[in-house]
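Residue numbers (UniProt numbering): 1 to 341. The next block holds one structure in the form of structure tokens; read it before the comments.
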Amino acid sequence: MGAMNDDLTAPGATAAPTGRVPAPDRPHGAGAPLPGAAADARGTVGGTPPGEEADAVRGFWRRLGLPGLVDVHTHFMPERVLRKVWGYFDALGPLTGGLNWPITYRTEEAERTALLRAFGVRAFTAMLYPHKPGMARWLNGWAADFARRTPDCLHTATLYPEPGVEAYVRRAVEEGARVFKAHVQVGAYDPADELLDPVWGLLAEAGTPVVVHCGSGPAPGRHTGPGPIARVLARHPRLRLVVAHLGMPEYEQFLGLAERYEEVRLDTTMVFTDFTEELMPFPRRSLPRLADLGDRVLLGSDFPNIPYPYLHQLHALERLDLGGDWLRSVCHDNAAELFGL
């Protein structure tokens, strides 16, 4: 999930009065526990030696007959920016919903990339995002360099509604960016801002996916929720939008967007884990809809900024009992097809 990446204030963000996002309404069993949701995380934060966890992760995808994992939602960014993100989580900043959020993989960059490789993650991303004008261009420069020295990272870029955004997004695409990240919550901007309209058109025409944090979890912002991004899709129905965190907590509305627009996808980042089920449970009644969208759900983790072991995200997906074919598609095949791996 997102946090500020420079000064530790969030323009336009409003936390729920309790410091938490209200859970979705739960009529007709909507909030009933997911299969196996009472199980523990199968590991404690910092309690599993990296080698043992890596063996367990590799065992997971080998049992599925996969060549590895593809994780479309991992965070790499300039070290000083990442340290401020971690500091924001440590300080329980407003956009965390006031939740205790220990960073499981608080290590140096080289250790983090090595661990993903030890897990057998064939490809991952460098999700980075600005919260004010003037940041996106230099973040894109850093990300391009990171992709050059990290060949298993999909070249990632970002954007912000500001003068010149179309030019630097076009340049990033021309330089080989394979995925973009937009963070409506942290950036506190309307994705339907007229400055972004030509950018969405450019990305739709290029067929370049964009991962957008547009749901209202863990704390709502001025422009979060399905409405603003739905206005973008109405104008650009071929945009390859990947809804981060399955749109939590507005899961069902974002499932509806995926059902309406064939290029809309959803990533699993933090969803179905014990941590998230306690706060923003996925409605059990919508599991059949999730199963039907199995060709458009992508594995995401939020590594390294997660308060539990990486393995727990995989177990959380497995315990949904949606079948091996669904797991294979989500954990590898869908993203491999999307990115031509």
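Cβ atoms here follow ideal geometry from the backbone N, Cα and C, with glycine treated the same way. Note that the structure is predicted; figures quoted are calculated from it, not measured.
(1) Using alpha carbons as the reference points, say which of 279, 232, 299, 266 lies closest to residue 201.
(2) Are the segment 177-185 and the segment 121-132 touching, with three or more C-beta to C-beta distances below 8 Å?
(3) Using the three-state DSSP reduction, which class does residue 180 fall into: helix, strand or coil?
(4) For residue 313, tell me which candidate among 49, 56, 51 has the shortest Cα-Cα distance.
(5) Using the DSSP secondary-structure output, state which residues sit across from residue 158 in a beta bridge.
(6) Could you give the C-beta distance for residue 282 and residue 123, rounded to a whole number, given that I count them as a contact under 8 Å?
(7) What residue ranges within the segment 100-134 form continuous alpha helix (DSSP H) runs of no fewer than 4 residues, ordered along the chain?
(8) Confirm, please, whether the CB-CB distance from residue 147 to residue 155 is below 8 Å.
(9) With distances taken from CA atoms, which of 217, 213, 220, 218 is nearest residue 229?
(10) If you run the structure through DSSP and keep just helix, strand and coil, what is residue 201?
(11) Taking the alpha-carbon of residue 71 as reference, which of 319, 324, 304, 322 has the nearest alpha-carbon?
(12) Tell me the rounded alpha-carbon separation between residue 16 and residue 195.
(13) Between which two residues does the alpha helix (DSSP H) carrying residue 265 extend?
(14) Under 7 Å from any heavy atom of the ligand FAD, does the C-beta of residue 277 make it?
(15) With DSSP as the reference, identify every bridge partner of residue 241, one or two as the case may be.
(16) Buried or exposed for residue 102, going by 16 or more other Cβ atoms inside 10 Å?
(17) Quick one: Cα of residue 243 to Cα of residue 49, how far?
(18) Specify the secondary structure class of residue 221 as computed by DSSP and reduced to three states.
(19) Apply the 10 Å Cβ neighbour rule to residue 292 and answer buried if 16 or more other Cβ atoms are within range, or exposed otherwise.
(20) Does the pairing of the segment 75-90 with the segment 250-257 give three or more beta-carbon distances under 8 Å?
(21) Throw me the rounded Cβ distance for the residue 297 and residue 330 pair, which I believe falls under 8 Å.
(22) Checking the sheet assignment: what are the DSSP bridge partners for residue 346?
(23) Based on DSSP bridge pairs, tell me the residues matched to residue 298.
(24) Does DSSP classify residue 72 as helix, strand or coil?
(25) Within the same chain, show all residues whose beta-carbon is closer than 7 Å to that of residue 324, passing over the 5 residues directly before and after it, in chain order.
(26) Can you tell which of 177, 192, 153 has the C-alpha that lies nearest to the C-alpha of residue 162?
Taking the definition as stated:
(1) Position 201 of the sequence shown, counting from 1, holds the residue named residue 201. Ranking 279, 232, 299, 266 by Cα distance to residue 201 puts 232 first.
(2) The answer is yes - the segment 121-132 touches the segment 177-185, with three or more Cβ pairs under 8 Å.
(3) Residue 180 sits at position 180 when you count from the first residue of the sequence shown. DSSP places residue 180 within a strand segment (E or B) once states are collapsed to three.
(4) Position 313 of the sequence shown, counted from the first residue, corresponds to residue 313. Answer by Cα proximity: 56.
(5) The sequence position of residue 158 within the sequence shown is 158, counting from 1. Paired residue(s): 181.
(6) One-based indexing of the sequence shown puts residue 282 at position 282. One-based indexing of the sequence shown puts residue 123 at position 123. In fact, because the Cβ distance is near 26 Å, the residues do not count as touching under 8 Å.
(7) 109-119
(8) Position 155 of the sequence shown, counted from the start, is the residue given in the question as residue 155. Position 147 of the sequence shown, counted from the start, is the residue given in the question as residue 147. Cβ atoms of residue 155 and residue 147: closer than 8 Å.
(9) Within the sequence shown, the letter at position 229 stands for residue 229. It is 213.
(10) Walking along the sequence shown from the start, residue 201 turns up at place 201. The answer is helix: DSSP assigns residue 201 an H, G or I state.
(11) Residue numbering aside, residue 71 sits at position 71 when the sequence shown is read from its first letter. Per the C-alpha coordinates, the member of 319, 324, 304, 322 positioned closest to residue 71 is 304.
(12) Mapped onto the sequence shown, residue 16 falls at position 16. Mapped onto the sequence shown, residue 195 falls at position 195. A caution first: residue 16 carries a pLDDT of 33, below 50, which makes its placement in the model too unreliable to give a value.
(13) For the purposes of this step, residue 265 is identified with residue 265 of the sequence shown, where counting begins at 1. Where residue 265 is concerned, there is no enclosing alpha helix (DSSP H), although the beta strand (DSSP E) it sits in stretches over 265-267.
(14) Of the ligands one can find in the structure shown there are none, so the ligand FAD has no counterpart to examine.
(15) By 1-based counting over the sequence shown, the position of residue 241 is 241. Residue 241 is bridged to 210.
(16) Counted from its first residue, the sequence shown places residue 102 at position 102. Residue 102 is exposed by the Cβ-count criterion.
(17) Within the sequence shown, the letter at position 243 stands for residue 243. Within the sequence shown, the letter at position 49 stands for residue 49. So the two alpha carbons sit approximately 32 Å from each other.
(18) To locate residue 221, count along the sequence shown from 1; it is residue 221. Residue state, collapsed to three classes: strand.
(19) Your numbering for residue 292 matches position 292 in the sequence shown. Result: exposed.
(20) no
(21) Here residue 297 corresponds to residue number 297 of the sequence shown, with the count starting at 1. Here residue 330 corresponds to residue number 330 of the sequence shown, with the count starting at 1. 5 Å between Cβ atoms; contact.
(22) Outside the displayed span of the chain (1 to 341) sits residue 346, for which this structure offers no information.
(23) Translated into the one-based positions of the sequence shown, residue 298 becomes position 298. DSSP, once it has assigned bridges, lists 267 as partnering residue 298.
(24) Mapped onto the sequence shown, residue 72 falls at position 72. Residue 72: coil per DSSP, three-state reduction.
(25) The residue you call residue 324 lines up with position 324 of the sequence shown. Within the same chain, residue 324 has close Cβ partners 64.
(26) As a first step, residue 162 is located in the sequence shown; it is residue number 162 there, counting from the start. It is 192.
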